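K.L.:
Residue numbers (the working numbering): 23 to 373.
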């Protein structure tokens, strides 16, 4: 049996609710026959990392190491790993396990994030009782089904945000059938939205960017949007009524915004939520009956679509806009992300 190389992992962990993390070590689980040990070079910070650290969802188990946008080099492979070798540049995202059985309804439909055996990279228990720990560490061990080679044309420092944010926006676009000629709206031009514009444009859609921040107008157009709508301007919002085939909501909407979203949609249009609204949303069912607009949501994406997304991003030169911090300044980086100031994703560098 192959043994892992790093058997005491140096990590940055939160011991209590809040943004402060501190050096911590833990013993990783034994390297399985289908596992890959990755020496981490880059790790992205996502908004859900902030939520977990602060225990916003009241599910966090402390001490916790977050981080689920992981890129690095393979340093060890299990006995039965055939698709990877030492030295490969790889990435892994939020999900690290599913049963992948043909008898499993979600897995058989490439919906493995909904598998009953789904495991996330942090805050869940393995069968031996130990908790999964995330990417703000020197190395991780991950099942080979959920490790992906980073295409050679993508500089690895730009890859971490693709492992979560890229997957999150690309998945519903292909599953909901975004195609050439569609009019696609993107609400929220941030960590998710700036990538959503690029993916929708590359799929052949005409993209309309929506934001309360008028200072994002020029950048949205540079990213590929054909039109920018300042949501606070009634005149600009009215100019797109009944015009969209798809609307991807990438930021936390207000509870009373749904009526306005529906007003932008063409008949039979689809509204897709990729971020939790701040509160429960209220609506009148009649507006859906009369417009035939549907509302849905999307979680992340399975292992198959992850591979497709990386190849698509490589082919169409889709890259996140990033700001870089050394891992040693992780607390400064977490505070910066929590402030909402990054344009648009933060990547921690281990080197």
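The beta carbon of each residue, even a glycine, is placed where N, CA and C say it ideally should be. None of these values were measured; they are calculated from a predicted model.
1. In the DSSP assignment, what residue or residues form a beta bridge with residue 161?
2. Assess, as a yes-or-no matter, whether the segment 66 to 81 is touched by the segment 117 to 125 under the definition of 3 or more beta carbon pairs within less than 8 Å.
3. For the 8 Å Cβ check, are there 3 or more pairs between the segment 33 to 48 and the segment 154 to 167?
4. Look at the alpha carbon of residue 317 and the alpha carbon of residue 333, and state the distance between them as a whole number of angstroms.
5. Comparing alpha-carbon positions, which option in 184, 290, 134 and 54 lies nearest residue 205?
6. For residue 226, which residues in the same chain have their Cβ closer than 7 Å to its Cβ, ignoring the five residues on either side in sequence?
7. Between the alpha carbons of residue 246 and residue 270, how many angstroms are there, rounded?
8. Taking the alpha-carbon of residue 131 as reference, which of 197, 177 and 79 has the nearest alpha-carbon?
9. Going by C-alpha to C-alpha distance, which of 194, 60 and 329 sits closest to residue 173?
10. Comparing C-alpha positions only, which one of 363, 57, 186 and 261 sits nearest to residue 285?
11. Can the beta-carbon of residue 219 be found closer than 8 Å to that of residue 232?
12. Let me check understanding here. Comparing Cα to Cα, which of 296, 211 and 99 lies closest to residue 23?
13. How is the alpha helix (DSSP H) around residue 360 delimited, first residue to last?
14. Thinking C-beta only, is residue 370 closer than 8 Å to residue 352?
15. What is the C-beta distance between residue 303 and residue 277, in whole angstroms, given that I count them as a contact (C-beta under 8 Å)?
16. So, helix, strand or coil for residue 136, using DSSP?
17. Could you compute how far the alpha carbon of residue 207 sits from the alpha carbon of residue 179?
18. I'd like the span of the beta strand (DSSP E) that includes residue 295, first residue to last.
19. Just to confirm, is the Cβ distance from residue 91 to residue 195 under 8 Å?
20. Is residue 168 near residue 136, with beta carbons less than 8 Å apart?
21. Can you tell me which of the three DSSP states residue 374 falls into?
22. Going by CA-CA distance only, name the one from 107, 104, 306 and 176 that's closest to residue 341.
23. Taking DSSP's pairing of strands, which residues face residue 142 in a bridge?
24. Let me know the secondary structure DSSP gives residue 106 once reduced to three states.
25. Excluding the five sequence neighbours on either side, which residues of its own chain have a C-beta within less than 6 Å of the C-beta of residue 287, listed in chain order?
26. Where does the unbroken beta strand (DSSP E) through residue 316 begin, and where does it stop?
27. Looking only at C-alpha atoms, which of 115, 323, 222 and 110 sits nearest to residue 339?
P.N.:
This is what the structure gives:
1. Reading the chain shown from its first residue, position 139 is the one you call residue 161. Beta-bridge pairing links residue 161 to 61.
2. no
3. Judged by pairs of C-beta atoms under 8 Å, the segment 33 to 48 touches the segment 154 to 167, as three or more such pairs exist.
4. The sequence position of residue 317 within the chain shown is 295, counting from 1. The sequence position of residue 333 within the chain shown is 311, counting from 1. Residue 317 and residue 333: Cα-Cα distance of roughly 29 Å.
5. Looking up residue 205 in the chain shown gives position 183. Ranking the options by Cα distance to residue 205, first place goes to 290.
6. Counting from 1 along the chain shown, the entry for residue 226 is found at position 204. Excluding residues within five positions, the ones whose Cβ falls inside 7 Å are 201, 202 and 203.
7. Numbered from 1 along the chain shown, position 224 holds the residue referred to as residue 246. Numbered from 1 along the chain shown, position 248 holds the residue referred to as residue 270. Using only the alpha carbons, I get a separation of about 15 Å.
8. Locating residue 131 in the chain shown gives position 109, counting from the first residue. Shortest Cα-Cα distance from residue 131 to any of 197, 177 and 79 involves 197.
9. Taking the chain shown and counting its residues from 1, the one referred to as residue 173 is at position 151. The shortest C-alpha separation from residue 173 is found at 329.
10. Against the chain shown, residue 285 aligns to sequence position 263. Closest option to residue 285, Cα to Cα, is 261.
11. As a first step, residue 219 must be located in the chain shown, where it is residue number 197. As a first step, residue 232 must be located in the chain shown, where it is residue number 210. Their beta carbons are not under 8 Å apart, which means residue 219 does not touch residue 232 by this criterion.
12. Counted from its first residue, the chain shown places residue 23 at position 1. Considering only alpha carbons, the answer is 99.
13. Taking the chain shown and counting its residues from 1, one reaches residue 360 at position 338. Element bounds for residue 360: 352 to 361.
14. Along the chain shown, read from residue 1 onward, the residue named residue 352 stands at position 330. Along the chain shown, read from residue 1 onward, the residue named residue 370 stands at position 348. For residue 352 and residue 370, yes; Cβs fall inside 8 Å.
15. For this step, residue 303 is matched to residue 281 along the chain shown. For this step, residue 277 is matched to residue 255 along the chain shown. About 5 Å; that satisfies the 8 Å criterion.
16. Here the question's residue 136 lines up with position 114 in the chain shown. Taken through DSSP and simplified to helix, strand or coil, residue 136 comes out as helix.
17. By 1-based counting over the chain shown, the position of residue 207 is 185. By 1-based counting over the chain shown, the position of residue 179 is 157. Spanning the two alpha carbons is a distance of roughly 28 Å.
18. Mapped onto the chain shown, residue 295 falls at position 273. Note, residue 295: beta strand (DSSP E), 287 to 295.
19. Taking the chain shown and counting its residues from 1, the one referred to as residue 91 is at position 69. Taking the chain shown and counting its residues from 1, the one referred to as residue 195 is at position 173. Not a contact, by the Cβ cut-off of 8 Å.
20. As a first step, residue 168 must be located in the chain shown, where it is residue number 146. As a first step, residue 136 must be located in the chain shown, where it is residue number 114. No, the Cβ-Cβ distance between residue 168 and residue 136 is not below 8 Å.
21. Because the chain spans 23 through 373 in this model, residue 374 falls outside it and cannot be assessed.
22. On the chain shown, position 319 is the one that residue 341 refers to. Of the candidates 107, 104, 306 and 176, the one whose C-alpha sits nearest the C-alpha of residue 341 is 176.
23. As a position in the chain shown, residue 142 is number 120, starting the count at 1. Answer by DSSP bridge pairing, in chain order: 117.
24. Indexing the chain shown from 1 puts residue 106 at position 84. If DSSP states are grouped into helix, strand and coil, residue 106 belongs with coil.
25. Mapped onto the chain shown, residue 287 falls at position 265. Within the same chain, and ignoring the five residues on either side of residue 287 in sequence, the residues whose Cβ sits closer than 6 Å to its Cβ are 266 and 315.
26. Mapped onto the chain shown, residue 316 falls at position 294. Unbroken beta strand (DSSP E) run through residue 316: 316 to 319.
27. Here the question's residue 339 lines up with position 317 in the chain shown. Taking only the C-alpha atoms, the option nearest residue 339 is 222.
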